[in-house]
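Engineer: Sharing a structure with you now.
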Amino acid sequence: MRPFLLERYFAKYEFAVEHLLSPSDCEPLAMPELLKMADAEIRELWENLRFSYTDSAGHPLLRTEIARLYETMSPENLLVCAPEEAIFIAMHIMLRKSEQFF
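Below, the structure written as C-alpha cells:
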C-alpha cells in the first residue's frame with residue numbers, strides 16, 4: 035500500500051511547529067476550563083455522569099442539544115458517531131464491492 039501523504043505530513047509537523055493551520059481538530063481544553071462554561075444543569079449532569087454505553091444513534095441529550103442549533107432538525111433525525119464510523123458509512127454507501135480506494 036502506498037504511504038498516505040497527509041498522514042506522513044502530520045507525522046512530521048503536527049507536534050513540531052508553533053502554528054499549524056491544516057488540522058481539522060480543535061485545541062484541547064482542560065476539564066476546569068470546560069466546566070467554567072457550563073450552567074448549573076450541565077454541571078450537575080457532568081458531576082453525576084456514569085461512563086457506559088448509550089443509544090447507538092448518540093446520547094439523547096446530545097442529539098437534543100445538536101438539534102437546537104437547527105430550525106428544521108429534530109433529535110430523531112440525527113446520528114452522532116465517531117469519525118471512523120462516519121467515514122465507513124460514507125464509503126459503504128459510495129463504493130462498489132469491486133472498487134479499491136488505496
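Note that the sequence shown covers residues 35 to 136 in this note's numbering.
Glycine included, C-beta positions come from ideal geometry on N, C-alpha and C.
None of these values were measured; they are calculated from a predicted model.
Once the 5 residues before and after residue 92 are set aside, which same chain residues still bring their CB inside 6 Å of it?
Structural biologist: 114
Engineer: Check each candidate in 50, 104, 95 and 36 and name the one with the smallest Cα separation from residue 75.
Structural biologist: 95
Engineer: For residue 39, does the three-state DSSP call read helix, strand or coil?
Structural biologist: helix
Engineer: Measure the CB-CB distance between residue 37 and residue 48 and report whether it falls below 8 Å.
Structural biologist: Taking 8 Å as the Cβ cut-off, residue 37 and residue 48 do not qualify as a contacting pair.
Engineer: Just the Cα atoms here: how many angstroms apart are residue 84 and residue 42?
Structural biologist: 38 Å
Engineer: Below 6 Å CB to CB, which residues in the same chain sit around residue 71 once its five sequence neighbours on both sides are set aside?
Structural biologist: none
Engineer: Roughly how far, in whole angstroms, is the beta-carbon of residue 112 from the beta-carbon of residue 97, given that I think they are within contact range, below 8 Å?
Structural biologist: 5 Å
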